[in-house]
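What follows is one structure encoded as structure tokens, with my remarks underneath.
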Amino acid sequence: MILTFMNMMAVALTASLLPGGWVPAPQESFDRPAGVLCDVPIHVEAAVDEVVSKDVPGGTIYKGKLVERVTNTGTGRYTDADASGTAYVQTAADGTQTWYVAGPVLIGYREGAGSLPRGLYLIDGVFRLVLAPDGHKELTMVRGSTRNLCPLVS
162 MILTFMNMMA VALTASLLPG GWVPAPQESF DRPAGVLCDV PIHVEAAVDE
212 VVSKDVPGGT IYKGKLVERV TNTGTGRYTD ADASGTAYVQ TAADGTQTWY
262 VAGPVLIGYR EGAGSLPRGL YLIDGVFRLV LAPDGHKELT MVRGSTRNLC
312 PLVS
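Residue numbers for the sequence shown follow my numbering, beginning at 162 and rising by one.
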């Protein structure tokens with residue numbers, strides 16, 4: 162798996178160095194009621210969004226500065242998360258996405274729907290994330306860390 166992962170990242174990073182073809186890829190804000198990701202209701206929106214994407218053979222690369230603000234909508238308490246990772250994303254015919262990532266991204270996990278407990282995670286490092294159309298998420302960490310941001314806004 163590590164060799165395959167490294168090959169995918171090498172292809173993606175090499176392609177990302179080619180000039181041209183980058184387009185803005187704005188991140189959408191979202192709200193989740195209490196109990197879906199965190200014990201409290203949250204709103205997530207980009208405080209800084211300089212993310213761009215580029216279609217390359219077999220997928221799409223995303224890169225750029227992204228700082229997401231996670232706010233407890235009940236109290237106003239918030240935290241900012243640097244989610245400025247680089248991702249090479251492949252989408253299968255059935256809609257399954259496979260992300261090969263270097264650096265941090267922000268990912269929500271619903272109860273029983275993946276390899277991490279319910280929460281809103283800043284996942285940092287080198288990893289693969291498979292997102293199934295039914296919402297199930299499988300994280301395979303090569304090297305890195307996960308941090309649930311819910312306690313920071315509760």
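All residues carry an ideal CB built from backbone N, CA and C; glycine is no exception.
Item                                                                                                                          : Value
Do you know how far the Cα of Thr240 is from the Cα of Phe288?                                                                : 24 Å
Thinking just about the alpha-carbon of each residue, which of Ala263, Pro278, Lys298 is nearest to the one in Gly305?        : Ala263
Alpha carbon to alpha carbon, how far is Thr301 from Thr259?                                                                  : 11 Å
With respect to the alpha helix (DSSP H) encompassing Leu313, which residues constitute its N-terminal and C-terminal limits? : 311-314
If you follow the beta strand (DSSP E) that Lys226 is part of, which residue opens it and which one closes it?                : Premise fails: Lys226 is in no beta strand (DSSP E) and is neither H nor E.
Can you name the start and end residues of the beta strand (DSSP E) that Glu206 belongs to?                                   : 203-210
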